[in-house]
Structure formats: structure tokens, C-alpha cells
Amino acid sequence: MISVGFGRTGALGSNSWGYSYPNVAYSNVLAAVIDYATGQGVLVVLAAGNWQSNEAFFPGAYEKLIAVAATYDTVERAPFSNYGSWMDIAAPGVNIMPTGYSQENACDGAIGDPYITMSGTSMACPHVAGVLALGKSYGPSQELRPQATGRQLKRWLLDTASHEATCDDPTLADYGTGMVNPPVFFAMCCASIGYYCLLY
836 MISVGFGRTG ALGSNSWGYS YPNVAYSNVL AAVIDYATGQ GVLVVLAAGN
886 WQSNEAFFPG AYEKLIAVAA TYDTVERAPF SNYGSWMDIA APGVNIMPTG
936 YSQENACDGA IGDPYITMSG TSMACPHVAG VLALGKSYGP SQELRPQATG
986 RQLKRWLLDT ASHEATCDDP TLADYGTGMV NPPVFFAMCC ASIGYYCLLY
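Residues in the sequence shown are numbered from 836 upward in steps of one, following my numbering.
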């Protein structure tokens, strides 16, 4: 990812690196890579971690990244997800069907879906990365209509997030700008670059 995604043609990285303990500094090498990537306009999206903690976990808490918390498919925060003032945004991360396939379920003769479901901020992170990737694609010709920059896309992503914190769960106020809101984000992308979009 460092040599291909950051150093050559990559415009976006979806990452789930795992964490050890909170408030542990990350390496200067990693910081340099992140600085280089974001300086080139690359959007670095990172799963925020599953420690049920509001303490800062690095590199997720590094301000140049986009840290993603996990929720249910409602605005309710997933109980395992990290949260706090360093969070940027949230996305669904509970009972998500990834590309994984359960060979055991497929071969044991049981009737049912052989595909697995998983939960975690690692499931939430690709939602945000996918939304950003589609937003990036809205400038199909750099000659006729320039694509949005990484900085613009990040700002639009955070500005359009929906935040519905409730008194019943005050931690919802600590998952960044709120839940990723694809339709509103896409509309802002289209309007900002003067591109007609058909939104579903």
C-alpha cells in the first residue's frame, strides 16, 4: 500500500491496522508516510478500533486521517466501537456481510446462507472509503471537468454527516461529525463541481 497506493496512482486508502494500547505514539516512519500521502491528496481512512474506549488510539487519532467509528444501521453506537473527540465520522459496522465465505457452512449440508457476517470498525471503514471513492469519480474528465481534491472531499464528507445524538446515549455525541450520509454527500459533490448526477 505504501509503494503502490500512496506513491503512484492511489487516491484513497481504506485501512484496518489494529491497535495495541491507547495513547501509544506511532513511529516517525508511519507519520512520514501518512504526511506524504495526505500531502499528495490521498485520503487515508482508518478503522477507529474496537476497545469500547474514548481514549486516543494512534494512528487513528492523527488529525490527517479520517477515523471511522461503528454504529448499528441506525444512529446507535456499536457497543464495541471506540469513540471520543478524535473521531471523525461513523458508519454501519454491525452484522456486515463482507467478501468472506464460510466453507464450513457451505459444506455441512445445512440450509442457509454460506456467507458470513462480521462486526467491527473494520466493517465501518470501507463504507466511508467507498462513499469517498464514488465522490472522487464524479469528475470523469480532468480536462473538461476537474475532479474534486482530497481536501474538498474530506470537508464535504464531514459537513454532510447526519448527527442525531440522544440523551439516552451521550456517547453518540463523541463519534465525530455523525453518520456518513451518502445522498447528501453526493449531492454536494455534484453541485460543487458543476456535474449533473442522477442520485438514487
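Ideal Cβ positions, reconstructed from N, Cα and C, are used throughout, including at glycine. All values reported here derive from a predicted model rather than from experimental measurement.
Across the set A996, P1017, D994 and L969, the C-alpha of L969 shows the shortest separation from the C-alpha of A983. CA-to-CA, the gap between A891 and N1016 works out to about 25 Å. Secondary structure of V880 (DSSP, three-state): strand.
The beta carbons of I869 and G1011 sit no closer together than 9 Å. For G970, there is no enclosing beta strand (DSSP E); the enclosing alpha helix (DSSP H) covers residues T956 to K971. In the three-state scheme derived from DSSP, where H, G and I count as helix and E and B as strand, M1014 is classed as strand. Of the candidates A872, S888 and A896, the residue whose Cα lies closest to the Cα of L881 is A896.
In this structure, N885 and T956 form a Cβ contact; the two beta carbons are roughly 6 Å apart against a cut-off of 8 Å. By the criterion of a C-beta distance shorter than 7 Å, T952 is surrounded in its chain by N930, I931 and M932, once the five residues flanking it on both sides are discounted.
In this structure, the beta-carbon distance from K989 to A846 does not fall below 9 Å.
Here DSSP, grouped into helix, strand and coil, assigns L993 to helix.
When rounded, the separation of the alpha-carbon atoms in V877 and P914 is 31 Å.
Residue Q887 holds the alpha-carbon nearest to the alpha-carbon of D1009 among V879, Q887 and A872.
The closest CA to that of E898, considering only T873, V910, S849 and T909, is found on T873. Here S849 has V880, C960, P961 and A964 as same chain residues with Cβ atoms under 6 Å from its own Cβ, once five neighbours each way along the sequence are excluded. For secondary structure counted as the beta strand (DSSP E) over 3 or more consecutive residues, the stretch 869-922 holds these complete runs in sequence order: 878-882 and 901-906. In terms of Cα proximity to C1024, the closest of L992, W921, M1014 and H998 is L992. Sorting A867, A904, N863 and P894 by C-alpha distance to the C-alpha of Y854 places P894 at the top.
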